[in-house]
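*Asks:* Just passing along the structure, written as structure tokens.
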Amino acid sequence: INPMKKVPAIAHGDFTLFESHAILMYLACSYNVSEHWYPTDLRTRAKLHAIMDWHHTNLRQGAAGYINTTVVAPKLGKPANSTAAAECEQKLIASFSTIEKMWLADNASFLLGRDQPSIADLSLVCEIMQLEILSKEERSRMIGPYKKIQKWVEDVKKATNPYFDEIHDIFASSKQQQQP
Numbered sequence: 001i002n003p004m005k006k007v008p009a010i011a012h013g014d015f016t017l018f019e020s021h022a023i024l025m026y027l028a029c030s031y032n033v034s035e036h037w038y039p040t041d042l043r044t045r046a047k048l049h050a051i052m053d054w055h056h057t058n059l060r061q062g063a064a065g066y067i068n069t070t071v072v073a074p075k076l077g078k079p080a081n082s083t084a085a086a087e088c089e090q091k092l093i094a095s096f097s098t099i100e101k102m103w104l105a106d107n108a109s110f111l112l113g114r115d116q117p118s119i120a121d122l123s124l125v126c127e128i129m130q131l132e133i134l135s136k137e138e139r140s141r142m143i144g145p146y147k148k149i150q151k152w153v154e155d156v157k158k159a160t161n162p163y164f165d166e167i168h169d170i171f172a173s174s175k176q177q178q179q180p
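Quick note: the sequence shown, position 152, residue 152 per UniProt numbering, numbers continuous.
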């Protein structure tokens, strides 16, 4: 489906598409989802696009980089790289700080102070969810100081359950497989 042979990618009839945010936007428009997921207001939509673009070069590099360095690489027999892990952790912590300061106004439940989740909320929270495969101590060290982030993750879970838990059960099973 993807000429670069990577995921995510979809085939929708005779149409194929790759890249997570492009897929989310396409599906939101194709299925005429509720306004809160992908607003028709151009300015609000542009702000959500900006957050999703920021996500790939900040939060993704921190979260996925840390997981790849500390969990995936050792499983593949590659040596630990504590320098790379520390750099990814710093990127992740800086990303949490940015999200709290810029997009989680006051005690808003969702990004941009909105009262319902958007595809941007879903994308960023799903990125954070991969930290669930870490030990409780390791996860707490990173996310513990960020109370707005913790509340936001819970708000997104509540707004999207039971589907959220169903999809993220993979992390629970991955974590169990890591146990000695």
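Note that beta-carbon positions come from the ideal geometry of N, C-alpha and C, so glycine has one too.
These numbers were taken from a predicted model, which means no experiment stands behind them.
#1: Nearest to F18 by alpha carbon, out of A28, V7, A159?
#2: Let me check understanding here. Comparing Cα to Cα, which of C126, G62, G144 lies closest to F164?
#3: At what residues does the beta strand (DSSP E) containing F18 begin and finish?
#4: How about L59 and S95: do their beta carbons lie closer than 9 Å?
#5: For my contact list, V104 and W152 are in at a C-beta cut-off of 8 Å; report their separation, rounded to the angstrom.
#6: Can you tell me which of D106, M52, A9, T69 puts its alpha carbon nearest to the alpha carbon of S123?
#7: I'd like to know whether the C-beta atoms of V71 and D121 end up nearer to each other than 9 Å.
#8: Could you tell me whether any Cβ in chain D is nearer than 9 Å to the Cβ of E137?
#9: Would you kindly work out how many angstroms separate the C-alpha atoms of A63 and F15, rounded to a whole number?
#10: With distances taken between CB atoms, is the gap from L92 to M129 smaller than 9 Å?
*Replies:* According to the structure shown:
#1: Of the listed residues, the one whose Cα sits closest to F18 is V7.
#2: C126
#3: 15 to 18
#4: yes
#5: It should be pointed out that residue 104 corresponds to Leu in this sequence rather than to Val. Yes, they are in contact, since the Cβ atoms of L104 and W152 sit about 6 Å apart, within 8 Å.
#6: M52
#7: Result no, Cβ atoms of V71 and D121 do not sit closer than 9 Å.
#8: The chain inventory of the structure shown lacks chain D, comprising one protein chain alone.
#9: 31 Å
#10: no
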